[in-house]
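Student:
Numbering (UniProt numbering), first residue to last: 1 to 320.
1) Would you mind reading off the limits of the beta strand (DSSP E) that contains residue 50?
2) Between residue 256 and the rest of its own chain, which residues show a CB-CB distance below 7 Å, the 5 nearest in sequence each way excluded?
3) What's the gap between the Cα of residue 321 and the Cα of residue 242?
4) Between which two residues does the alpha helix (DSSP H) holding residue 108 run?
5) So residue 213 and residue 230 are supposed to be a Cβ contact under 8 Å. How far apart are they, rounded?
6) Considering only C-alpha positions, which residue in the set 316, 223 and 33 is nearest to residue 165?
7) Tell me which residue opens and which closes the beta strand (DSSP E) that residue 162 is part of.
8) Between residue 56 and residue 246, which are expected to be in contact by the criterion C-beta below 8 Å, what is the C-beta distance as a whole number of angstroms?
9) Three or more beta-carbon pairs under 8 Å between the segment 29-46 and the segment 273-287, yes or no?
10) By the DSSP assignment, the beta strand (DSSP E) with residue 202 in it spans what residues?
11) With a cut-off of 8 Å, do at least 3 Cβ pairs link the segment 140-155 to the segment 72-83?
12) Output needed for residue 261: all residues of its chain with C-beta closer than 7 Å, excluding positions within five of it in sequence on either side, in chain order.
13) Are residue 35 and residue 285 closer than 8 Å when you measure CB to CB?
14) For a quick check, are the C-beta atoms of residue 140 and residue 86 less than 8 Å apart?
15) Report yes or no: do the segment 174-182 and the segment 126-133 share at least 3 C-beta pairs separated by less than 8 Å?
16) Curious, which full-length beta strand (DSSP E) runs of at least 3 residues does the segment 189-252 contain?
17) At the level of alpha carbons, what is the spacing between residue 292 and residue 299?
18) Where does residue 270 fall in DSSP's three states?
19) Since residue 89 and residue 113 should fall inside the 8 Å C-beta cutoff, what is the C-beta to C-beta distance between them, to a whole number of angstroms?
20) Looking at the structure shown, is residue 38 part of a helix, part of a strand, or coil, going by DSSP?
21) Using alpha carbons as the reference points, say which of 106, 77 and 167 lies closest to residue 135.
22) Under a three-way DSSP split, which group does residue 71 fall into?
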């Protein structure tokens with residue numbers, strides 16, 4: 001006979017061990033649920049838009065550095081001892097100012113004491129000798145020189161018909177020009193001269209030329225027409241294509257892949273703002289990081305302000 005009787009917790013009336021009661025889970029507060037939602041949105045938006053994040057990050061660096069993932073072959077040429085070279089920015093500014101002062105009979109032109117003469121970039125020259133496109137870069141400060149040799153474009157469009165300018169009747173451009181004039185009149189703006197065309201709106205579609213598929217590009221502005229063999233290729237090298245994706249903007253008047261791409265551009269814009277806001281929320285919830293994070297945030301705002309006014313001054317004094 002056992003000297004220890006089973007307690008009610010250890011056994012039930014039938015002798016089987018009784019299950020221990022689990023404490024009831026407290027429901028999450030609204031604050032906890034909201035914070036969890038913020039984290040999930042931050043996470044899954046980043047995962048879904050990850051290809052675009054990489055695209056804009058890498059191509060942004062490619063825009064900033066033309067020799068990053070280059071399409072042409074880049075050769076550095078050591079020719080400093082043989083180059084005439086450019087004068088320093090200050091010397092050239094004095095030369096230009098003296099010429100301006102001599103040319104302006106009714107004005108006196110002098111260097112501004114606060115102005116710092118600067119070149120805006122490399123001098124570039126292009127040649128097509130030998131059947132290949134080559135671009136020479138000359139650094140106006142260091143004298144460093146490079147030669148870029150571009151390979152032949154394997155996807156060069158092939159014209160199936162000679163380019164021409166068509167005169168249609170009625171002319172869609174003249175009709176649109178009249179419509180623009182009507183809109184201005186409806187807006188209360190009297191227009192003595194017809195409004196001038198802005199941009200190059202085109203009509204693109206496919207035809208067959210002697211049974212061969214071809215792409216027709218009709219320019220509404222002047223009636224210019226190109227008829228090129230359609231092969232399904234974009235006519236760009238990979239570097240140019242990815243840079244084009246980076247700069248693709250605006251929405252066409254049709255539902256097509258470019259329109260859908262513009263929606264992803266909007267999504268990236270919203271996500272970047274959202275990541276900043278959700279990042280602030282998640283930072284603030286971690287109390288031990290608040291002080292250091294506030295210092296980093298203050299440094300970030302101060303740096304951004306300095307760069308904002310610095311770039312504003314740069315563009316005010318520089319014409320690119």
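By construction, the Cβ of each residue, glycine as well, lies at the ideal position given by its N, Cα and C atoms.
For clarity, every value in this text was computed on a predicted model and none was experimentally measured.
Tutor: Here's the rundown:
1) Against the chain shown, residue 50 aligns to sequence position 50. It is not in any beta strand (DSSP E) - residue 50 instead sits in the alpha helix (DSSP H) that spans 50-64.
2) Position 256 of the chain shown, counted from the first residue, corresponds to residue 256. So the list is empty, once near-sequence residues are dropped.
3) No statement about residue 321 is possible, as the shown extent of the chain runs from 1 to 320 and does not include it.
4) If you number the chain shown from 1, residue 108 lands on position 108. It is not in any alpha helix (DSSP H) - residue 108 carries neither H nor E in the DSSP assignment.
5) Start at 1 with the first residue of the chain shown, and residue 213 comes out as number 213. Start at 1 with the first residue of the chain shown, and residue 230 comes out as number 230. With 8 Å as the limit, residue 213 and residue 230 qualify as a contact, their Cβ atoms being about 4 Å apart.
6) In the chain shown, the residue the question calls residue 165 occupies position 165. It is 223.
7) As a position in the chain shown, residue 162 is number 162, starting the count at 1. DSSP places residue 162 inside the beta strand (DSSP E), whose first and last residues are 159-165.
8) The count along the chain shown starts at 1 and reaches residue 56 at position 56. The count along the chain shown starts at 1 and reaches residue 246 at position 246. Indeed, because the Cβ distance is near 6 Å, the residues count as touching under 8 Å.
9) Short answer: they touch.
10) To locate residue 202, count along the chain shown from 1; it is residue 202. Start and end: 202-209.
11) By the Cβ criterion, the segment 140-155 is in contact with the segment 72-83, since at least three pairs of Cβ atoms, one from each stretch, lie closer than 8 Å.
12) In the chain shown, counting from the first residue as 1, residue 261 sits at position 261. So the list reads 248, once near-sequence residues are dropped.
13) Residue numbering aside, residue 35 sits at position 35 when the chain shown is read from its first letter. Residue numbering aside, residue 285 sits at position 285 when the chain shown is read from its first letter. Between residue 35 and residue 285, the CB-CB gap stays under 8 Å.
14) For the purposes of this step, residue 140 is taken as residue 140 along the chain shown, with counting starting at 1. For the purposes of this step, residue 86 is taken as residue 86 along the chain shown, with counting starting at 1. Yes.
15) The segment 174-182 is not in contact with the segment 126-133.
16) Secondary structure remark: continuous beta strand (DSSP E) runs of at least 3 residues inside the segment 189-252, in chain order: 202-209, 212-219 and 224-229.
17) Here the question's residue 292 lines up with position 292 in the chain shown. Here the question's residue 299 lines up with position 299 in the chain shown. Cα-Cα distance, rounded: 11 Å.
18) Here residue 270 is taken as the residue at index 270 of the chain shown, counted from 1. In this structure, residue 270 counts as helix in the three-state DSSP scheme.
19) To locate residue 89, count along the chain shown from 1; it is residue 89. To locate residue 113, count along the chain shown from 1; it is residue 113. About 16 Å separates the two Cβ atoms, so there is no contact after all.
20) Here residue 38 is taken as the residue at index 38 of the chain shown, counted from 1. Under the three-state reduction of DSSP output, residue 38 falls in the helix class.
21) For the purposes of this step, residue 135 is taken as the residue at position 135 of the chain shown. Residue 77 is the option with its Cα nearest to residue 135.
22) In the chain shown, counting from the first residue as 1, residue 71 sits at position 71. Three-state result, residue 71: coil.
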